[in-house]
Structure formats: C-alpha cells, structure tokens
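>
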Amino acid sequence: MKTSHREILLYYNPDSSGDRKTVAHAQSLSPHIKAFAFGSAPSTGMSWQFILTSLGIDPKDLLNKAHPY
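Heads up: the sequence shown at position 45 corresponds to 45 in this note's numbering, and the numbers run straight through without jumps.
The following block contains the structure:
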C-alpha cells in the first residue's frame, strides 16, 4: 500500500453512525483523508501488516478481550 506521511488512513465500519460521522468530520478538515469501509476495502495480510506496523502494536492488541466470540 503506497502512502504519504501527509495522508490519514481511516478503516471504518459503515454500519456505525459514529464511524460515518468521524469519516465525514475528518474529510471536512483535510483533503488528505483516505477512508476504507471494512466490507469493501481489500483485506490482505500485507494491508493488515501495514496497519499494525503503522500503529506500532501487535495483532492481539486489536482484539476486544471483553467480547466472548
């Protein structure tokens, strides 16, 4: 995934009104927003590795430990 340090990447849940409002607010503040809905965004191992590296976290840190799955 090619990115720029001036871009903000948002992966959001399109079913969540709060997520949609966050994307709209971010896009109103800057033209350098790339928003990807979970259902329609490519979800490859490389894209998740990029996200985890950018955030500086381990995959287990993304899991909601309170959710029973």
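We treat Cβ as the ideally placed atom computed from N, Cα and C, and that holds for glycine. If you're wondering where the values come from, they're calculated on a predicted model, not measured in any experiment.
Between the alpha carbons of Ser30 and Arg6, how many angstroms are there, rounded?
Each residue's alpha carbon lies about 10 Å from the other.
> Relative to the C-alpha of His32, which candidate in Ala41, Gly39 and Leu10 has its C-alpha closest?
Checked all of Ala41, Gly39 and Leu10; the closest Cα to His32 is Leu10.
> Does the stretch 11–26 come into contact with the stretch 35–52, if we say contact requires no fewer than three beta-carbon pairs (one atom in each stretch) closer than 8 Å?
Judged by Cβ distances under 8 Å, the stretch 11–26 makes contact with the stretch 35–52, as three or more pairs qualify.
> DSSP state of Leu63, grouped into three classes?
Here Leu63 sits in coil by DSSP.
> Within its chain, find whatever has a CB closer than 6 Å to the CB of Phe23; leave out the 5 residues flanking it on each side and keep chain order.
Just to set this straight, residue 23 is Val in the shown sequence, not Phe. These residues qualify, in order along the chain: Leu10, Tyr12 and Ala35.
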